[in-house]
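Numbering (the working numbering), first residue to last: 101 to 699.
Glycine is no exception: its CB is placed at the ideal position from the N, C-alpha and C atoms.
Written below as structure tokens is the structure these notes are about.
What follows is the structure in structure tokens.
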């Protein structure tokens, strides 16, 4: 009988078999692994969630800090830390980051002056954790610091200021207020104060730039129906022969008398014949009559220009006048159109100009490209011919055609006249000033001399504002760099009314009714749209100079054209009264300081 084989005896412990089977059997192992990894995985996920929240909170906190530093620096005056600076910075910080946002702990930003012209804002808080608190981390710290300081760049500011007749109104009155003399609350007085406020806002910047060998300068262009720039121009850039709407004497060549008897006065008057005064071919004939006791005496005279016989009548036309002496501001220039033999001399040129060659082809449908014939709109064109030179505005030789009255300067003013509608001396603003460093006393003396008169020609003002802040052209006053540092350009354009040309005004384009340089036909209803298109074109050209354009509508509507002229919507604004105008000029001054952030 066979014996049954018993269990094999080995030298391994009994437990070893269990472990080997367990090692070979993979069922249930995943649970053990997950359990072992759960703790570090939870820590990793928790840190990611909490750090993500902390990152978003800090980014928002940093943005609030930046805004606060900029806001505080903008209201800082005299490089002094003040309550106003602290309050403004705190207000901007709290607006951009509310207390408790992202569950942050309460904190108070610290605002301080950290150096010359620099405001520093610091803030420190904590944000609670969610998952990380399981591992003993209940909060995460958040700390931000930011500085706002003046960017050291040279700065040129050109003020283009509307000084038309409506600036004698009070801020509450409309443009046609009817004042005949300046009053203490007039807009022109508010403008003077606003310019000084701008100067004061930029005075610390000017001092800092000058200390660093750099500069901040102001130029000023008052405008109405023309500008006063004659004293700024090289005499070679002013024409020596200009056609004006003037009159020239014509002379009696022959004279005869006829007597007609037994006629009444009506029949006698029918023999009268006034000589034509324009657009004729010489010689011309004229007849005068006198009636007495049924007898009519008719005197017939023939007139011509070349002869030297007795002076008889005036002929009106566009006639070339020699301006070579007048343009030099001489005080003994013979007046060419007075009565022969009187030897009268002209008043000294006041500096106001007529624009150089242009074209009447520009209309509201024209694009922004400036035509080659429009030398007046070409900012950087240096005169190279009589057509491209500017012309003295010479009211003493400018007459209405066929007007038996006086010329523009000796015609008596109408009572209550506010604008230059050929009533009295045509409007001529204060002389413009090129870019220069000013003292407060000098700029105050200048603005106190601003006078309000004339019609509103926005295009004329902007043409000269752009020309005088350009880096090229006849002035080339604003180079791209100075002392190896860049130059920031700004144009501040202030007006208290909408564009309002007059075809009867003696403007920078002559008398449109007769000269027809803008409309081509002299019609008043064609002027506005054409001047407005020119304004759009010159605003576009000014922006090409890399200039920031600020537009202020004072006591008037901010029209679409004015808004579009500005560099952005933030650069265009309205000011309804004196206080708002002063505040706006102050704000622009603070912005022109070119703030930058450093962290």
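Residue i burial status per 10 Å Cβ neighbour count (16 or more: buried)
i           : result
residue 390 : exposed
residue 380 : exposed
residue 408 : exposed
residue 448 : exposed
residue 114 : Its pLDDT being 49, under 50, residue 114 is placed unreliably in this model, and the value from its coordinates should be taken loosely. It is exposed - the Cβ of residue 114 has fewer than 16 other Cβ atoms within 10 Å.
residue 559 : buried
residue 385 : exposed
residue 651 : buried
residue 670 : exposed
residue 444 : exposed
residue 624 : exposed
residue 364 : exposed
residue 520 : Low local confidence applies: a pLDDT of 31 at residue 520 is under 50, so the model's placement there is unreliable, and no value is given.
residue 155 : exposed
residue 673 : buried
residue 223 : buried
residue 487 : exposed
residue 378 : exposed
residue 188 : buried
residue 305 : buried
residue 171 : buried
residue 514 : A caution first: residue 514 carries a pLDDT of 32, below 50, which makes its placement in the model too unreliable to give a value.
residue 603 : buried
residue 406 : exposed
residue 693 : buried
residue 110 : Note that residue 110 scores a pLDDT of 46, beneath 50, so its modelled location is shaky and nothing firm can be said.
Among the options, the one whose alpha carbon lies nearest that of residue i
i           : options               : result
residue 615 : 456, 449, 535 and 527 : 456
residue 421 : 494, 449 and 342      : 342
residue 489 : 469, 223 and 427      : 427
residue 578 : 600, 465, 606 and 317 : 317
residue 481 : 307, 537, 641 and 586 : 641
residue 569 : 246, 256, 192 and 245 : 256
residue 654 : 598, 693 and 258      : 598
residue 535 : 378, 526, 468 and 575 : 575
residue 355 : 607, 228, 388 and 600 : 388
residue 499 : 404, 285 and 613      : 613
residue 571 : 587, 562, 561 and 556 : 587
residue 676 : 416, 400 and 269      : 269
residue 202 : 192, 225, 397 and 191 : 225
residue 324 : 416, 227, 453 and 248 : 453
residue 434 : 211, 497, 165 and 382 : 497
residue 436 : 451, 414 and 450      : 414
residue 333 : 150, 446, 573 and 299 : 573
residue 530 : 339, 638, 322 and 629 : 322
Span of the beta strand (DSSP E), counted from its first residue to its last, around residue i
i           : result
residue 319 : 316-323
residue 388 : 384-392
residue 254 : 254-262
residue 218 : 218-228
residue 372 : That residue, residue 372, is in no beta strand (DSSP E); it is neither H nor E in DSSP.
residue 353 : 341-360
residue 653 : 647-654
Span of the alpha helix (DSSP H) around residue i
i           : result
residue 304 : 287-311
residue 530 : Here residue 530 belongs to no alpha helix (DSSP H), and DSSP marks it neither H nor E.
residue 690 : 678-692
residue 672 : Taken as a continuous stretch (DSSP letters only), residue 672 belongs to no alpha helix (DSSP H), being part of the beta strand (DSSP E) at 672-675.
residue 661 : 660-665
Check: residue i C-beta below 7 Å from any heavy atom of the ligand GTP
i           : result
residue 169 : This structure simply doesn't include the ligand GTP, nor any ligand for that matter.
Those runs of the alpha helix (DSSP H) which lie wholly inside the segment 533-597 and span at least 4 residues: Under the rule that a run must span 4 or more residues, the alpha helix (DSSP H) segments found entirely inside the segment 533-597 read 540-548 and 558-568.
Does the count of Cβ pairs from the segment 340-352 and the segment 576-590 closer than 8 Å reach three? The segment 340-352, when compared against the segment 576-590, does not touch it at the 8 Å Cβ threshold.
Alpha helix (DSSP H) segments (min. 4 residues) lying fully within the segment 600-638: Qualifying alpha helix (DSSP H) stretches, in chain order: 612-615.
Would you be able to state if there are at least three C-beta pairs under 8 Å between the segment 321-330 and the segment 467-483? These segments do not touch.
Ignoring anything shorter than 3 residues, give me the beta strand (DSSP E) runs that lie fully in the segment 170-217, in order along the chain. Those beta strand (DSSP E) runs which fall completely within the segment 170-217 and span 3+ residues are 210-215.
Could you give the uninterrupted runs of the beta strand (DSSP E) lying entirely in the segment 396-459, keeping only those of 3 residues or more? Taking only runs of at least 3 residues, the beta strand (DSSP E) segments lying wholly in the segment 396-459 are 411-422.
Counting Cβ pairs closer than 8 Å, one from the segment 288-296 and one from the segment 679-694, do we hit at least three? Remark: three or more beta-carbon pairs, one from each stretch, lie closer than 8 Å, so the segment 288-296 and the segment 679-694 are flagged as touching.
Cβ pair count under 8 Å reaching 3, the segment 175-182 against the segment 191-206: When Cβ pairs closer than 8 Å are counted between the two stretches, the segment 175-182 is seen not to touch the segment 191-206, the count staying below three.
Validate contact between the segment 244-256 and the segment 301-315 using beta carbons, cut 8 Å, 3 pairs: The answer is yes - the segment 301-315 touches the segment 244-256, with three or more Cβ pairs under 8 Å.
Given 8 Å, three or more beta-carbon pairs between the segment 460-468 and the segment 366-380: The segment 460-468 vs the segment 366-380: no contact.
Does the structure place the segment 257-264 close enough to the segment 228-243 that three or more beta carbon pairs sit under 8 Å? Fewer than three beta-carbon pairs drawn from the segment 228-243 and the segment 257-264 are found closer than 8 Å, and the two stretches are therefore not classed as touching.
Are at least three pairs of beta-carbons, each pair with one atom in the segment 645-665 and one in the segment 490-498, less than 8 Å apart? Contact between the segment 645-665 and the segment 490-498 is absent: fewer than 3 CB-CB pairs across the two stretches fall below 8 Å.
For the segment 204-220 against the segment 540-547, do three or more pairs of beta-carbon atoms, one drawn from each stretch, fall closer than 8 Å, so that the two count as touching? Touching, no, given that fewer than three Cβ pairs across the two stretches are closer than 8 Å.
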